[in-house]
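Residue numbers (our numbering): 60 to 265. Each residue gets a CB set at the ideal place from its N, CA and C atoms; glycine is no exception. Structure record follows, encoded as structure tokens.
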């Protein structure tokens, strides 16, 4: 299990470094530019690579938790988060101004699923009073609050009210969700319960 965890943290760390490199290379405004739009930059190939590494890290940590006897719902939600992140990277969003395509729809709804399930996994972990439960709960609540704010621009546009990213700090809010959810994932791995103690096979004394 330690090998799985180490590999999972390595994947998450490498994915984070890749994401930082993408931001540094693109030089876009992170306050208003959503992460998906970085795919249209020269170094845009770093985006699916980063997301795939996040997905791999989640899968490895989920498997480590499963083997340790963690709550099966937590394991399942982490696996769903990983699968959703993989889909987000595999299906790029549409370029600004273009109508929603199949790829863009998969990207959008997979991102929503990912953003939703990680805080739920975190709240389940916190309720089980695992190590770092307080931090897991705080990060999960912040992620949920930021997710609500992420959805607001889409809801406003569905009502026919024009709202551009420049009018709303969409980039900052989205990054808040991603950072807090990566924090929940990391703490999920660090809170992994130990192996159950072996029962003694010695006969009981009369």
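Cβ neighbour criterion (16 or more within 10 Å) applied to residue i
i, result
"residue 181", "buried"
"residue 109", "buried"
"residue 113", "buried"
"residue 155", "exposed"
"residue 77", "buried"
"residue 157", "exposed"
"residue 118", "buried"
"residue 104", "exposed"
"residue 245", "buried"
"residue 97", "buried"
"residue 184", "buried"
"residue 162", "exposed"
"residue 79", "exposed"
"residue 265", "In this predicted model, residue 265 has a pLDDT of only 35, less than 50, meaning its place in the structure is not dependable enough to derive any value."
"residue 159", "exposed"
"residue 62", "exposed"
"residue 141", "buried"
"residue 116", "buried"
Residue from the options whose Cα sits closest to the Cα of residue i
i, options, result
"residue 150", "248, 78 and 168", "168"
"residue 210", "233, 188, 250 and 153", "233"
"residue 235", "214, 215, 251 and 200", "200"
The alpha helix (DSSP H) enclosing residue i, as first and last residue numbers
i, result
"residue 113", "105-127"
"residue 135", "131-149"
"residue 166", "161-186"
"residue 233", "229-249"
"residue 94", "It is not in any alpha helix (DSSP H) - residue 94 carries neither H nor E in the DSSP assignment."
Residue i beta carbon near the ligand NAP (any heavy atom closer than 6 Å)
i, result
"residue 83", "Inclusion of the ligand NAP in the displayed structure is not the case, the ligand content being empty and no account of it being possible."
Integer Cβ distance of residue i from residue j, believed to fall under 8 Å
i, j, result
"residue 230", "residue 75", "With a Cβ gap of about 17 Å, residue 230 and residue 75 do not count as contacting."
"residue 143", "residue 172", "5 Å"
"residue 90", "residue 228", "5 Å"
Problem - the region 187-205 / the region 235-251 touching (three or more Cβ pairs under 8 Å) - result: The region 187-205 makes contact with the region 235-251; the number of CB pairs closer than 8 Å reaches 3 or more.
Problem - Contact the region 83-92 vs the region 121-129: 3+ CB pairs below 8 Å - result: Touching, no.
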